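Trainee: Numbering (this note's numbering), first residue to last: 37 to 190. Virtual Cβ for every residue (Gly too), placed ideally from N, Cα, C. Model, not experiment: these values are computed from the prediction.
1. Between 71, 152, 76 and 110, which has its C-alpha nearest residue 88's C-alpha?
2. On the DSSP bridge list, what partners appear for residue 178?
3. For the beta strand (DSSP E) that contains residue 100, what are its first and last residues?
4. How many Å lie between residue 190 and residue 171 at the Cα?
5. Can you tell me where the alpha helix (DSSP H) with residue 45 in it begins and where it stops?
6. Taking the alpha carbon of residue 54 as the reference point, which residue from 60, 64, 48 and 45 has its own alpha carbon closest?
7. What would DSSP say about residue 136, mapped onto helix, strand or coil?
8. Which residue's Cα is closest to the Cα of residue 59: 132, 130, 112 and 140?
9. Could you check what DSSP says for residue 118 in three-state terms: helix, strand or coil?
10. Given this structure, state the Cα-to-Cα distance separating residue 76 from residue 47, to the nearest angstrom.
Dropping the structure here:
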């Protein structure tokens, strides 16, 4: 029996977490790990206790902001990072697994919290129709290792 790698396990978990999202536009999941242990999880959506877009606006989703993004949602990596911070969990040297590469705003937060490695499955730039993955470029520029995840079993 071939054992799955931790990278495979964590990205598969991120994919499953994405299915918990109430966003009607995109479902994104994130897993934050340190020393082969999960320290936090997240998926995109509005702050807990506010609303669920797929219930309140099932056809259109929530209002868009000036950049065309959800005006009410937190990104999956934001939720994972905020939970870790709220619980005084150090993220220095940790690894983030996310199903969609980080936007530039999330990249700044990732860098600032001390996350050292990011695995992503799909491109935010391709999803949004942008020229480049600004978040990935930013992280690499400042020494964060960023890896596009390719599952060898698919």
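Mentor: On the basis of the supplied data:
1. Per the Cα distances, 110.
2. Looking at the DSSP output, residue 178 shares a beta bridge with no other residue.
3. Looking at the DSSP string, residue 100 is not in any beta strand (DSSP E), and its letter there is neither H nor E.
4. The predicted model places residue 190 with a pLDDT of 45, which falls under 50 and marks its position as unreliable; any figure quoted below should be read in that light. Between residue 190 and residue 171, the C-alpha separation is close to 26 Å.
5. Looking at the DSSP string, the run of the alpha helix (DSSP H) that includes residue 45 is 42-54.
6. The residue among 60, 64, 48 and 45 with its C-alpha nearest the C-alpha of residue 54 is 64.
7. Here residue 136 carries a strand assignment [DSSP, helix/strand/coil].
8. Taking each of 132, 130, 112 and 140 in turn and checking the Cα distance to residue 59, the smallest one comes out for 112.
9. Helix.
10. C-alpha separation (whole angstroms): 13 Å.
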